[in-house]
Amino acid sequence: MSRSAVLSDSDWAILEPLLPSSAGRRGRPFRDDRRVLEGIVYRYRCGIAWRDVPAEFGPWQTLWKRHRRYSGDGTWDRLLAQLLTRADAVGAVDWSVSVDSTINRAHQHATNLPRTTGGSSNYTNLRQEPPDHAIGRSRGGLSTKIHALVDGRGRPLVLLTSPGQSGDSPMFPALMGQLQINRAGRGRPRTRPDRVRADKAYSSRAIRVHLRERGIIAVIPQPSDQIGHRKRRGSKGGRPPAFDAHDYKARNVVERNFNTFKQWRGLATRYDKLALTYRGGAVLRAITIWVKELGDTP
Numbered sequence: 000m001s002r003s004a005v006l007s008d009s010d011w012a013i014l015e016p017l018l019p020s021s022a023g024r025r026g027r028p029f030r031d032d033r034r035v036l037e038g039i040v041y042r043y044r045c046g047i048a049w050r051d052v053p054a055e056f057g058p059w060q061t062l063w064k065r066h067r068r069y070s071g072d073g074t075w076d077r078l079l080a081q082l083l084t085r086a087d088a089v090g091a092v093d094w095s096v097s098v099d100s101t102i103n104r105a106h107q108h109a110t111n112l113p114r115t116t117g118g119s120s121n122y123t124n125l126r127q128e129p130p131d132h133a134i135g136r137s138r139g140g141l142s143t144k145i146h147a148l149v150d151g152r153g154r155p156l157v158l159l160t161s162p163g164q165s166g167d168s169p170m171f172p173a174l175m176g177q178l179q180i181n182r183a184g185r186g187r188p189r190t191r192p193d194r195v196r197a198d199k200a201y202s203s204r205a206i207r208v209h210l211r212e213r214g215i216i217a218v219i220p221q222p223s224d225q226i227g228h229r230k231r232r233g234s235k236g237g238r239p240p241a242f243d244a245h246d247y248k249a250r251n252v253v254e255r256n257f258n259t260f261k262q263w264r265g266l267a268t269r270y271d272k273l274a275l276t277y278r279g280g281a282v283l284r285a286i287t288i289w290v291k292e293l294g295d296t297p
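What follows is the structure in structure tokens.
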């Protein structure tokens, strides 16, 4: 297999039935779906300009237009949802989830569009480009955050983007709201994990109340300032929230997930002008991760 052949035959056998067909569409039929998909993956894996993708994948304009279409119309999200349904049906999803975010520097080629800053960082409409294009100025310069909700083995379930300076805690309701895995047969989609592991950035009363009301175990440590405030109030401060320090050690899977994501140079550094296409690349990375997992599942 050549270096540019980024999908194995077994990977393609899983993905091919899930991709949309051009049958019945107006205009030219789609080019070879496998080569186009591999070209998009190759671009993000290498972090190169669309014009520099090898000609063996076809015209770079075709790759860009297909990725832009699939990112904007929800095709990548539907593919990931179908893979998660299949994984859950065979018991491959670990419902002890972890949540965190990672900051990625935005290249100068991604930051030359007019943008409106100061808006809300809770992007719930995944089909609409946010006014600030999910780019903000953090301590390291212009950057974007990827917020991830992963299962107990570090495989991505939900991915959202926000400006680099935005907080983690405000994005938590949006992440939980997007968690929905359909059943392979009859029954409602599953939206409630068994437990949520998160670091101190997510230690807020609102988050703990939200998890408690839904019957989800919170494995979240308290920061020192919250501990101090509670102790200064004495008996009025109430009891400290339950925290399983041993179980919290498993939260590192979300950090390992980010390491896996950043093996694709086009995600470790953001070159996309649009938040839609940048998030689409992240969802495509999640698709390839789950395809590998399902290919290894007996």
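Numbering of the sequence shown is given in numbering that gives the first Met the number 0, commencing with residue 0 and proceeding in unit increments.
Where a beta carbon is used, it is the ideal one built from N, C-alpha and C, also for glycine.
Bear in mind that the values here come from a model prediction, so they are computed numbers and not experimental data.
Local conformation of His209 per DSSP, three classes: Locating residue 209 in the sequence shown gives position 210, counting from the first residue. It is helical.
Which listed residue (Ala183, His146, Ile180 and Gly153) has its alpha carbon closest to that of Ser165: As a first step, residue 165 is located in the sequence shown; it is residue number 166 there, counting from the start. Answer by Cα proximity: His146.
Beta-carbon contacts of Arg50 that lie in its chain and below 6 Å, excluding the five residues immediately before and after: Within the sequence shown, residue 50 is the residue found at index 51, counting from 1. The answer, listed in chain order, is Trp59.
Inter-residue spacing [alpha-carbon to alpha-carbon] between His108 and Val98: Taking the first residue of the sequence shown as position 1, residue 108 is located at position 109. Taking the first residue of the sequence shown as position 1, residue 98 is located at position 99. Spanning the two alpha carbons is a distance of roughly 29 Å.
Reference Asp150, options Ser70, Ala86 and Val96, closest by Cα: On the sequence shown, position 151 is the one that residue 150 refers to. It is Val96.
Reduced DSSP secondary structure (H/G/I, E/B, other) of Met0: One-based indexing of the sequence shown puts residue 0 at position 1. With a pLDDT of 38 at Met0, under the threshold of 50, the predicted position of this residue should be treated as unreliable, and no value is reported.
Segments assigned alpha helix (DSSP H), at least 4 residues, entirely inside the segment 222-270: 223-231, 244-247, 251-260 and 264-267
Integer-rounded CB distance, given that Leu178 should sit under 8 Å from Leu148: Residue mapping note: residue 148 aligns to position 149 of the sequence shown, counting from 1. Residue mapping note: residue 178 aligns to position 179 of the sequence shown, counting from 1. Rounded, the Cβ-Cβ distance is 6 Å, consistent with contact.
Between the CA atoms of Ala54 and Ala249 - distance to the nearest angstrom: Counted from its first residue, the sequence shown places residue 249 at position 250. Counted from its first residue, the sequence shown places residue 54 at position 55. Taking the straight line joining both Cα atoms gives about 43 Å.
Alpha-carbon spacing of His301 relative to Arg278, whole angstroms: Here the chain comprises residues numbered 0 to 297, so residue 301 is not present and cannot be evaluated.
Of the listed residues Asp198, Arg85, Glu37 and Gln81, nearest to His66 (C-alpha basis): Here the question's residue 66 lines up with position 67 in the sequence shown. Checking every option, the nearest Cα to that of His66 belongs to Glu37.
Where Arg136 sits in the DSSP three-state scheme: Here residue 136 corresponds to residue number 137 of the sequence shown, with the count starting at 1. Strand.
Segment contact flag, the segment 133-147 with the segment 155-174, C-beta cutoff 8 Å, min 3 pairs: yes
Residue(s) in a DSSP beta bridge with Ala217: If you number the sequence shown from 1, residue 217 lands on position 218. DSSP output for Ala217 lists Val195 as bridge partner(s).
N-terminal and C-terminal residue of the alpha helix (DSSP H) that Ala80 is part of: As a working note, residue 80 is residue 81 in the sequence shown. Segment Thr74 to Ala88, the alpha helix (DSSP H) holding Ala80.
Residues that DSSP places opposite Thr101 in a beta bridge: Residue numbering aside, residue 101 sits at position 102 when the sequence shown is read from its first letter. According to DSSP, which records beta bridges pairwise, Thr101 is partnered with Ile145.
Segment contact, 8 Å Cβ cut-off, at least three pairs: the segment 251-263 with the segment 230-239: no
Reference Ser100, options Ile180, Ala200 and Gly265, closest by Cα: For this step, residue 100 is matched to residue 101 along the sequence shown. Of the candidates Ile180, Ala200 and Gly265, the one whose C-alpha sits nearest the C-alpha of Ser100 is Ala200.
Sheet register partners of Arg44 (DSSP bridge): Here the question's residue 44 lines up with position 45 in the sequence shown. Arg44 pairs with nothing; no bridge assigned.
Val157: first and last residue of the uninterrupted beta strand (DSSP E) it sits in: For the purposes of this step, residue 157 is taken as the residue at position 158 of the sequence shown. First-last of the beta strand (DSSP E) with Val157: Pro155 to Pro162.
Cβ of Gly237 within 8 Å of any chain B Cβ: No chain B appears in the structure shown, which is made up of a single protein chain.
Three-way DSSP call (helix, strand, coil) for Ser120 in this model: For the purposes of this step, residue 120 is taken as the residue at position 121 of the sequence shown. Because Ser120 sits at a pLDDT of 48, beneath the cut-off of 50, its placement in the model cannot be relied upon, and the point is left open.
Within 8 Å, strictly: CB atoms of Ala86 and Glu292: Walking along the sequence shown from the start, residue 86 turns up at place 87. Walking along the sequence shown from the start, residue 292 turns up at place 293. Yes; because the gap between Cβ atoms is below 8 Å, this pair is in contact.
Where the alpha helix (DSSP H) through Ile288 begins and ends: Taking the sequence shown and counting its residues from 1, one reaches residue 288 at position 289. Unbroken alpha helix (DSSP H) run through Ile288: Ala274 to Asp295.
Sequence-distant residues of the same chain with beta carbon closer than 6 Å to Ser203, five excluded per side: Counting from one through the sequence shown, the residue named residue 203 turns up at place 204. Contacts found: Ser168.
Exposure label - Asp271; buried when at least 16 CB within 10 Å: For this step, residue 271 is matched to residue 272 along the sequence shown. Buried, since its Cβ has 16 or more Cβ neighbours within 10 Å.
Ala147 beta carbon near the ligand SAH (any heavy atom closer than 7 Å): Of ligands this structure carries none, so the ligand SAH is not represented either.
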